[in-house]
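Following: one structure in structure tokens, then a few remarks.
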Amino acid sequence: MTDSADSEAEDEPSPGENPVGDTFGVGIHVTETELRFVVNVPSDIDSGWTDPEAFQQLVERVTWDQLDQEQVLRSIATNAPTGETVFLGRVTLHPDGTVVDHTLRVPAFDDA
22 MTDSADSEAE DEPSPGENPV GDTFGVGIHV TETELRFVVN VPSDIDSGWT
72 DPEAFQQLVE RVTWDQLDQE QVLRSIATNA PTGETVFLGR VTLHPDGTVV
122 DHTLRVPAFD DA
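This note's numbering applies: residue 22 is where the sequence shown begins, and numbers increase by one.
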């Protein structure tokens with residue numbers, strides 16, 4: 022028999038953890054020489070995100086798990102002007118790496 026108080030406690034977020042998750046905007050910035058993966062970080066980010074490089078790498082991994090990296094980058098390189106940042110969508114995550122939701126999509130270009 023399971024104690025219901027124990028199972029409820031397991032479902033509760035840790036102190037400072039946003040139960041909904043944190044939403045990061047994702048894009049590709051086009052320069053003359055490269056395409057840069059960019060992550061827009063919310064100003065009220067959960068305190069569980071302690072290493073900015075680690076969560077940015079996690080957001081990038083989740084993005085390419087959802088989208089075909091080669092197809093997306095080729096499309097952007099071919100169609101987006103230098104200086105533009107092409108928005109790919111948003112990823113909502115918990116600090117433990119759990120993906121809550123995403124709105125990632127392959128960018129569409131007129132006349133592409």
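The beta-carbon is built from N, C-alpha and C at its ideal position, and this holds for glycine as well.
Checklist line | Range of the contiguous alpha helix (DSSP H) that encloses T106 | finding: Membership of T106 in any alpha helix (DSSP H) is not indicated; the residue belongs instead to the beta strand (DSSP E) covering T106 to L114.
Notebook entry, point to check: Got a sec? Which residues, its chain only, sit under 6 Å from R111 by beta carbon, not counting five neighbours each side?
Noted result: Counting only Cβ-Cβ distances below 6 Å, and skipping sequence neighbours, we find T44, G46 and T124.
Next item on the list: Could you check what DSSP says for R126 in three-state terms: helix, strand or coil?
Entry: R126 falls in the coil class under three-state DSSP.
Check: Roughly how many angstroms lie between the CA atoms of E53 and R95, to the nearest whole one?
Finding: One C-alpha to the other measures close to 15 Å.
Check: Would you say H50 and T106 are within 7 Å of each other, going by their C-beta atoms?
Finding: In this structure, T106 lies closer than 7 Å to H50 by Cβ.
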